[in-house]
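Working notes, beginning with the structure itself.
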Amino acid sequence: MTTSLIVRAATRILVALLLLFSFYMLLRGHNEPGGGFIGGLIGATGFILYAIAHGCRAAREALRIEPQTIAMAGLGIALAAGLLAWLVGDGLFTGQWLFLWPDPADPGDKGVPLSNILIFDIGVYLVVLGSVLTIVLALEEEV
Amino acid sequence: MAGQETHTRPKGAAAWISILLPAALFAWFAQHIPAVAAGEVLLWRYDWVPSLGVSIGILLDGLSLTFALLITGIGTLVTLYSASYLGGHPHHTRFVCYLLAFMTGMLGLVLSDNLLALFVFWEITTISSYLLIGFNADEAKSRRNALQALLVTGTGGLAFLAGVVLIGTAAGTFEISEIEGSLVDHALYLPIFLLVVAGAFTKSAQVPFHFWLPNAMAAPTPVSAYLHSATMVKGGVYLLARFQPTLGGSDLWVWTLVLFGGFTAVFASLLAIRQTDIKQVLAYTTLMALGTLTMFIGVGTEAALLGAMTFLIVHSFYKASLFLMIGVVDHGTGTREATVLRGLWRKMPMTTVAASLAALSMAGIPPMFGFIGKEFLYKGALEAPLGMEWVVACAFAASALMFAAAGITAFKPFFGKLAPTPVEPHEGPVPMLIGPLLLAALGLWLGLQPDYAEALVRPATAAVLGAPADADLYLFREVNTAFILSLATFAVGLALYLAHVPLRNALATVPARFDPGWDKLMDLIAAGCKGLTDLIQTGQLRRYIFVTFAVLAVLVAYAIWRGGVSPQIPPLEELRAKHWSVLIFITAGALLTAVSNSRMTAIAALGTVGIGVALIFIMFGAPDVAITQLLVEVLQVVLVAVAMLKLPSLNREYVSRLRLWDLALALTIGGLVTLTLLAVMQAPLDLRITDYFEATSSPEAFGRNIVNVILVDFRALDTFGEIAVVVIAALGAFALLRGTKGARP
Numbered sequence: 006m007t008t009s010l011i012v013r014a015a016t017r018i019l020v021a022l023l024l025l026f027s028f029y030m031l032l033r034g035h036n037e038p039g040g041g042f043i044g045g046l047i048g049a050t051g052f053i054l055y056a057i058a059h060g061c062r063a064a065r066e067a068l069r070i071e072p073q074t075i076a077m078a079g080l081g082i083a084l085a086a087g088l089l090a091w092l093v094g095d096g097l098f099t100g101q102w103l104f105l106w107p108d109p110a111d112p113g114d115k116g117v118p119l120s121n122i123l124i125f126d127i128g129v130y131l132v133v134l135g136s137v138l139t140i141v142l143a144l145e146e147e148v
Numbered sequence: 167m168a169g170q171e172t173h174t175r176p177k178g179a180a181a182w183i184s185i186l187l188p189a190a191l192f193a194w195f196a197q198h199i200p201a202v203a204a205g206e207v208l209l210w211r212y213d214w215v216p217s218l219g220v221s222i223g224i225l226l227d228g229l230s231l232t233f234a235l236l237i238t239g240i241g242t243l244v245t246l247y248s249a250s251y252l253g254g255h256p257h258h259t260r261f262v263c264y265l266l267a268f269m270t271g272m273l274g275l276v277l278s279d280n281l282l283a284l285f286v287f288w289e290i291t292t293i294s295s296y297l298l299i300g301f302n303a304d305e306a307k308s309r310r311n312a313l314q315a316l317l318v319t320g321t322g323g324l325a326f327l328a329g330v331v332l333i334g335t336a337a338g339t340f341e342i343s344e345i346e347g348s349l350v351d352h353a354l355y356l357p358i359f360l361l362v363v364a365g366a367f368t369k370s371a372q373v374p375f376h377f378w379l380p381n382a383m384a385a386p387t388p389v390s391a392y393l394h395s396a397t398m399v400k401g402g403v404y405l406l407a408r409f410q411p412t413l414g415g416s417d418l419w420v421w422t423l424v425l426f427g428g429f430t431a432v433f434a435s436l437l438a439i440r441q442t443d444i445k446q447v448l449a450y451t452t453l454m455a456l457g458t459l460t461m462f463i464g465v466g467t468e469a470a471l472l473g474a475m476t477f478l479i480v481h482s483f484y485k486a487s488l489f490l491m492i493g494v495v496d497h498g499t500g501t502r503e504a505t506v507l508r509g510l511w512r513k514m515p516m517t518t519v520a521a522s523l524a525a526l527s528m529a530g531i532p533p534m535f536g537f538i539g540k541e542f543l544y545k546g547a548l549e550a551p552l553g554m555e556w557v558v559a560c561a562f563a564a565s566a567l568m569f570a571a572a573g574i575t576a577f578k579p580f581f582g583k584l585a586p587t588p589v590e591p592h593e594g595p596v597p598m599l600i601g602p603l604l605l606a607a608l609g610l611w612l613g614l615q616p617d618y619a620e621a622l623v624r625p626a627t628a629a630v631l632g633a634p635a636d637a638d639l640y641l642f643r644e645v646n647t648a649f650i651l652s653l654a655t656f657a658v659g660l661a662l663y664l665a666h667v668p669l670r671n672a673l674a675t676v677p678a679r680f681d682p683g684w685d686k687l688m689d690l691i692a693a694g695c696k697g698l699t700d701l702i703q704t705g706q707l708r709r710y711i712f713v714t715f716a717v718l719a720v721l722v723a724y725a726i727w728r729g730g731v732s733p734q735i736p737p738l739e740e741l742r743a744k745h746w747s748v749l750i751f752i753t754a755g756a757l758l759t760a761v762s763n764s765r766m767t768a769i770a771a772l773g774t775v776g777i778g779v780a781l782i783f784i785m786f787g788a789p790d791v792a793i794t795q796l797l798v799e800v801l802q803v804v805l806v807a808v809a810m811l812k813l814p815s816l817n818r819e820y821v822s823r824l825r826l827w828d829l830a831l832a833l834t835i836g837g838l839v840t841l842t843l844l845a846v847m848q849a850p851l852d853l854r855i856t857d858y859f860e861a862t863s864s865p866e867a868f869g870r871n872i873v874n875v876i877l878v879d880f881r882a883l884d885t886f887g888e889i890a891v892v893v894i895a896a897l898g899a900f901a902l903l904r905g906t907k908g909a910r911p
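Read top to bottom, the protein sequences are chains A and B. Under the working numbering, the residue at position 27 of the first sequence is numbered 32, and the numbers go up by one with no gaps. Under the working numbering, the residue at position 390 of the second sequence is numbered 556, and the numbers go up by one with no gaps.
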């Protein structure tokens with residue numbers, strides 16, 4: 006498959022931007038539009054673009070890990086995040102929060118929030134990314 | 167199995183576990199004999215599924231303890247036997263697993279206090295017996311007979327489940343120990359009775375469901391000895407006995423059980439005489455025992471139940487012993503044919519002792535325990551309040567035929583002049599002799615010391631009767647009607663035995679075969695399923711979608727008609743320019759999709775419809791949904807476009823012919839959905855959940871994006887389930903796509 010030089014050259018930058026944007030969407034999801042599902046879809050779009058421009062083999066190499074492995078790892082991470090709550094004695098998938106370095110002077114500043122919710126959302130991100138790429142790459146290679 | 171390599175002693179961990187586990191359980195159950203004999207009912211309970219009211223309760227009364235001791239005791243001897251019999255078999259470990267699973271199911275069945283748990287264990291015995299009967303899976307006959315047993319007992323199991331649910335409804339509890347009084351006068355009695363009896367009769371192989379049991383002899387001999395003497399087939403008898411206080415006593419109960427049981431007993435005894443394969447003879451005599459037990463449970467008086475419980479123990483001992491014995495003979499001589507075997511006592515002395523003792527008990531000759539069993543059956547029969555003549559006649563005919571069958575099984579093969587056999591006759595290894603000898607000896611010992619049996623028989627009778635019972639077993643006290651009947655049995659039995667060869671030939675001409683009918687039924691079901699599949703599975707995706715949407719249209723139309731919806735057109739003047747433009751955008755995309763003659767155009771146009779919908783989401787303040795919609799739309803176009811490269815170009819004429827149908831369906835669905843949505847708008851929106859999420863999202867879950875907070879926090883478990891589905895779908899698609907390529911890279 007021959008793709009135009011412009012597409013191939015632009016893809017390198019676009020893919021990087023799309024991936025960065027997908028992380029951004031993932032991280033901001035709790036307060037603004039975004040989240041693991043949307044982030045995963047955007048990330049997958051980036052790799053699909055790469056596959057269209059440079060071929061599936063190159064996309065798989067760029068991915069380094071088999072997409073189905075990514076999907077299953079994501080599922081495992083999401084489950085681990087849920088089990089974490091259970092381990093500390095709450096119900097499964099209960100949110101656990103840790104706020105680092107809050108500003109004592111400012112009651113509005115709670116500090117850097119860390120939570121198993123974020124881990125769960127990362128799991129969702131990986132599942133969506135891996136699953137979509139599993140299907141798309143297999144389908145493209147089939148054709 | 168003849169010629170199979172055997173071990174002289176158990177080898178390997180699997181063999182030892184399979185022997186020691188039931189032995190330990192037997193010891194545990196045995197220590198409860200004194201308490202149960204004193205009339206106590208022991209109950210342990212553990213909540214399993216509290217929300218469904220399912221608990222695992224162990225109910226140990228006379229009935230369940232008797233069964234548990236038989237299951238574990240005979241189980242120990244059978245596993246010891248099979249460690250030798252199948253010791254050299256490549257799948258011995260697998261066999262042990264099946265057998266232990268079966269034993270678990272059987273123990274659970276007789277010990278469960280909860281009816282739902284009882285049903286689960288009932289099904290475990292069905293499934294594990296399927297695996298055991300079909301153990302020689304490379305033989306087609308074995309597989310067929312295993313499937314037959316599974317289908318017959320499994321169908322009965324379903325009926326039983328329905329019966330259990332009805333009992334739970336009628337009695338208000340699923341705990342056997344909590345069911346009080348009788349359900350005979352309940353409005354649901356008839357369906358309960360029919361369903362429970364269907365389950366019991368299939369499991370215990372009563373006519374007309376009897377045909378699977380002799381076929382199940384395709385199993386290895388230890389399985390036959392275990393399943394078809396002491397355990398599985400007695401599951402149905404256990405069920406009838408367990409429900410006798412609850413469901414018994416009505417005319418319907420008495421007559422059904424007495425007629426079917428009596429007929430099965432005599433019919434099966436006649437078929438037993440007809441067989442030449444000794445294992446088949448034993449299989450049919452098992453049917454006779456099951457029929458007899460069913461009949462006497464049906465009679466339901468204290469004397470009849472005392473006879474039934476005694477006979478239950480008698481039969482388990484002699485039948486297991488004889489089954490194991492025939493395995494030894496089969497192994498030692500290479501045949502099981504009654505017409506061939508003769509005079510084995512010189513070559514197989516220990517087997518001869520075991521077979522003789524067991525056969526004496528089977529024939530009911532004093533001083534064996536079998537004699538006591540038969541005497542008390544006669545006593546019970548003579549006191550039967552309903553149909554006394556029938557019960558006595560059936561019991562007498564069956565016992566006399568049993569006498570003859572005992573002669574065929576264990577007298578003729580061992581005595582007289584030695585006849586040539588395929589293999590030079592030799593005695594079996596010690597582990598294979600312990601079981602038959604011990605069980606046969608028990609038959610003699612309990613005959614001489616019947617007081618020991620009373621410890622079990624008395625509480626068992628009381629449990630089946632539902633009231634305290636008295637049991638006084640004895641060998642001989644006076645000459646009475648039952649004793650005279652016994653003497654007559656011997657006379658008639660002896661005559662039958664002496665005349666059994668011409669009798670066998672005469673009976674062999676009687677057509678009483680159920681298997682051709684069964685095979686026809688199976689073929690009919692398979693053909694029906696194939697016809698139905700051909701009818702609805704055309705293999706054309708277009709047609710599936712058409713049918714799916716047509717059904718949806720009909721159902722929605724019906725719901726709207728039933729609901730009496732009166733949709734109101736909302737005021738159009740509220741629509742502003744941006745709304746109109748999106749509306750036109752979507753409509754144009756849809757129209758282009760519908761009329762386009764190119765696939766690529768159609769899919770791109772469909773994409774614009776999706777984008778239009780995303781715009782609507784944005785207008786009404788759902789950016790997350792809009793973003794997702796947009797991205798999915800993009801992916802969909804990519805996926806479909808990739809797939810389209812492989813498709814042939816559209817057949818214009820064919821498409822134009824179908825399009826009218828599609829148009830009609832599309833307009834119908836669209837109209838119905840619009841009506842539904844307009845109707846939904848009429849109802850006041852319940853905002854309680856929305857308000858809750860809005861109020862708690864930020865303070866409790868520390869997130870301002872409510873959609874995402876719901877997804878990853880409030881309903882994280884749902885999301886987890888969904889992403890699991892996504893992964894499974896992706897793997898499925900991957901397997902399908904790769905599967906067409908042959909071997910994976």
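Yeah, the Cβ is synthetic: ideal placement off N, Cα and C, and Gly gets one too.
- Task: Go to A/S120, then tell me how far its beta strand (DSSP E) extends in each direction, as first and last residue.
- Result: In the first sequence, the residue the question calls residue 120 of chain A occupies position 115. For A/S120, the enclosing beta strand (DSSP E) stretches over residues V117 to S120.
- Query: Helix, strand or coil: how does DSSP classify B/F426 here?
  - Reply: For the purposes of this step, residue 426 of chain B is taken as residue 260 along the second sequence, with counting starting at 1. Collapsing the DSSP output to three states places B/F426 in a helix.
- Query: Does the Cβ-Cβ distance between B/L543 and B/S565 come in under 9 Å?
  - Reply: To locate residue 543 of chain B, count along the second sequence from 1; it is residue 377. To locate residue 565 of chain B, count along the second sequence from 1; it is residue 399. It is a contact, given that the beta carbons lie within the stated cut-off.
- Message: So with CB distances below 9 Å, who are the chain A contacts of B/R211?
- Response: Looking up residue 211 of chain B in the second sequence gives position 45. Chain A residues near B/R211: none, gap ~27 Å exceeds 9 Å.
- Item | Beta bridge counterpart(s) of B/F220 as assigned by DSSP | Residue mapping note: residue 220 of chain B aligns to position 54 of the second sequence, counting from 1. Correcting the residue type first, residue 220 of chain B is Val in the shown sequence and not Phe. In the DSSP output, where bridge partners are listed per residue, B/V220 has B/V215.
- Item | B/E341 - partner residues in DSSP beta bridges | Locating residue 341 of chain B in the second sequence gives position 175, where the first residue counts as 1. According to DSSP, residue pairing for B/E341 in a beta bridge involves B/N280.
- Query: Would you call the stretch 29 to 43 of chain A and the stretch 861 to 874 of chain B in contact, with 3 or more CB pairs under 8 Å?
  - Reply: Contact between the stretch 29 to 43 of chain A and the stretch 861 to 874 of chain B is present, because at least three Cβ pairs lie under 8 Å.
- Message: Using beta carbons (cut-off 9 Å, strictly below), is A/A76 in contact with chain B?
- Response: The sequence position of residue 76 of chain A within the first sequence is 71, counting from 1. With 9 Å as the cut-off, A/A76 counts as an interface residue toward chain B.
- Task: Determine whether the Cβ of A/S9 lies closer than 9 Å to any Cβ atom of chain B.
- Result: In the first sequence, counting from the first residue as 1, residue 9 of chain A sits at position 4. Not one chain B Cβ lies under 9 Å of A/S9.
- Item | For B/D828, three-class secondary structure by DSSP | Counting from one through the second sequence, the residue named residue 828 of chain B turns up at place 662. Of the three classes helix, strand and coil, the one that applies to B/D828 here is helix, per DSSP.
- Task: Label B/Q706 either buried or exposed according to how many other C-beta atoms from any shown protein chain fall within 10 Å of its C-beta, with 16 as the threshold for buried.
- Result: Taking the second sequence and counting its residues from 1, one reaches residue 706 of chain B at position 540. Classification for B/Q706: exposed.
- Item | Completely contained alpha helix (DSSP H) runs for the stretch 57 to 109 of chain A, where each covers 4 or more residues | Those alpha helix (DSSP H) runs which fall completely within the stretch 57 to 109 of chain A and span 4+ residues are 61 to 68 and 72 to 92.
- Going along chain A in order, which residues have a C-beta closer than 8 Å to the C-beta of B/L797? For the purposes of this step, residue 797 of chain B is identified with residue 631 of the second sequence, where counting begins at 1. Those within 8 Å of B/L797 in chain A are I43, L46, I47 and T50.
- Within 10 angstroms of the Cβ of A/E4, are there 16 or more other Cβ atoms? Answer buried if so, exposed if not. No answer is possible for residue 4 of chain A: the residues shown for chain A start at 6 and end at 148.
- Query: Counting only beta-carbon atoms, is A/G79 nearer than 9 Å to chain B?
  - Reply: Here the question's residue 79 of chain A lines up with position 74 in the first sequence. Yes, because at least one Cβ of chain B sits closer than 9 Å to the Cβ of A/G79.
- Query: When the distance is taken between beta carbons, is B/F375 closer than 9 Å to B/G286?
  - Reply: Along the second sequence, read from residue 1 onward, the residue named residue 286 of chain B stands at position 120. Along the second sequence, read from residue 1 onward, the residue named residue 375 of chain B stands at position 209. In the sequence as displayed, the identity of residue 286 of chain B is Val instead of Gly. With a cutoff of 9 Å on beta-carbon distance, B/V286 and B/F375 are scored as not near each other.
- Distance, Cα to Cα, B/G898 vs A/M77? Position 732 of the second sequence holds residue 898 of chain B. Position 72 of the first sequence holds residue 77 of chain A. The alpha-carbon atoms of B/G898 and A/M77 are separated by roughly 13 Å.
- Mind checking B/P188: buried by the 16 CB within 10 Å criterion, or exposed? Locating residue 188 of chain B in the second sequence gives position 22, counting from the first residue. It is buried - the Cβ of B/P188 has at least 16 other Cβ atoms within 10 Å.
- Item | Near-chain B residues of the stretch 102 to 127 of chain A (beta-carbon distance less than 8 Å), N- to C-terminal order | Taking 8 Å as the cut-off between beta carbons, the residues of the stretch 102 to 127 of chain A near chain B are W102, K115, P118, S120, I122, F125 and D126, in sequence order.
- When B/A771, B/R310, B/G464 and B/G755 are compared against B/W684, the one with the closest alpha-carbon: Against the second sequence, residue 684 of chain B aligns to sequence position 518. Ranking the options by Cα distance to B/W684, first place goes to B/R310.
- Query: Cα separation between B/L142 and B/L552?
  - Reply: Nothing in the structure corresponds to residue 142 of chain B, since chain B is present only between 167 and 911.
- Query: So, is A/I47 buried or exposed, given that buried needs 16 or more other C-beta atoms within 10 angstroms?
  - Reply: In the first sequence, counting from the first residue as 1, residue 47 of chain A sits at position 42. Burial is judged here by how many other beta carbons sit within 10 angstroms of a residue's own beta carbon; A/I47 has at least 16 and is buried.
- What's the C-alpha gap between B/H257 and B/F301? Position 91 of the second sequence, counted from the first residue, corresponds to residue 257 of chain B. Position 135 of the second sequence, counted from the first residue, corresponds to residue 301 of chain B. Taking the straight line joining both Cα atoms gives about 9 Å.
- How close, in whole Å, do the beta carbons of B/S482 and B/S395 come, if the pair is a contact with beta carbons under 8 Å? Stepping through the second sequence from its first residue, residue 482 of chain B is reached at position 316. Stepping through the second sequence from its first residue, residue 395 of chain B is reached at position 229. That pair is a contact at about 6 Å.
- Task: State the CB to CB distance for the pair B/V244 and B/A180, rounded to an integer number of angstroms; the pair is presumed to be in contact (CB under 8 Å).
- Result: As a position in the second sequence, residue 244 of chain B is number 78, starting the count at 1. As a position in the second sequence, residue 180 of chain B is number 14, starting the count at 1. Rounded, the Cβ-Cβ distance is 15 Å, inconsistent with contact.
- My guess is that A/L103 and A/A49 are in contact by the Cβ rule of under 8 Å, so how many angstroms apart are they, rounded? Position 98 of the first sequence, counting from 1, holds the residue named residue 103 of chain A. Position 44 of the first sequence, counting from 1, holds the residue named residue 49 of chain A. The pair is not a contact, with the Cβ atoms about 30 Å apart (cut-off 8 Å).
- Item | Entirely enclosed alpha helix (DSSP H) segments - the stretch 384 to 440 of chain B, minimum 4 residues | Segments of the alpha helix (DSSP H) lying fully in the stretch 384 to 440 of chain B: 387 to 391, 400 to 413 and 417 to 440.
- Listing by chain order, which chain B residues have their CB less than 8 Å from the CB of A/T139? The count along the first sequence starts at 1 and reaches residue 139 of chain A at position 134. In chain order: A896, L897, A899 and F900.
- DSSP beta-bridge partners of B/E503: Counted from its first residue, the second sequence places residue 503 of chain B at position 337. Beta-bridge partners of B/E503 (DSSP): B/D443.
- So the alpha helix (DSSP H) B/A770 belongs to, where does it begin and stop? Sequence index remark: in the second sequence, residue 770 of chain B carries index 604 (1-based). Looking at the DSSP string, the run of the alpha helix (DSSP H) that includes B/A770 is R765 to M785.
- If you run the structure through DSSP and keep just helix, strand and coil, what is B/L816? As a first step, residue 816 of chain B must be located in the second sequence, where it is residue number 650. Coil.
- Message: For a quick check, are the C-beta atoms of B/V878 and A/I43 less than 9 Å apart?
- Response: For the purposes of this step, residue 878 of chain B is taken as the residue at position 712 of the second sequence. For the purposes of this step, residue 43 of chain A is taken as the residue at position 38 of the first sequence. No, the Cβ-Cβ distance between B/V878 and A/I43 is not below 9 Å.
- Which residues, in order along the stretch 882 to 894 of chain B, keep a beta-carbon less than 8 Å from a beta-carbon of chain A? Within the stretch 882 to 894 of chain B, contact with chain A at the beta-carbon level (separation under 8 Å) is assigned to A882, L883, T885, F886, I889, A890, V892 and V893.
- Give the secondary structure of B/L225 by DSSP, where H, G and I count as helix, E and B as strand, and everything else as coil. Indexing the second sequence from 1 puts residue 225 of chain B at position 59. Three-state DSSP puts B/L225 in a strand.
- Item | Chain-ordered chain B contacts of A/H59 [CB-CB under 7 Å] | Here residue 59 of chain A corresponds to residue number 54 of the first sequence, with the count starting at 1. Per Cβ cutoff of 7 Å: no residues; A/H59 is ~15 Å from chain B at best.
- Message: Could you tell me the alpha carbon to alpha carbon distance between B/A832 and B/V775, rounded to whole angstroms?
- Response: Taking the second sequence and counting its residues from 1, one reaches residue 832 of chain B at position 666. Taking the second sequence and counting its residues from 1, one reaches residue 775 of chain B at position 609. Those two C-alpha atoms are separated by around 15 Å.
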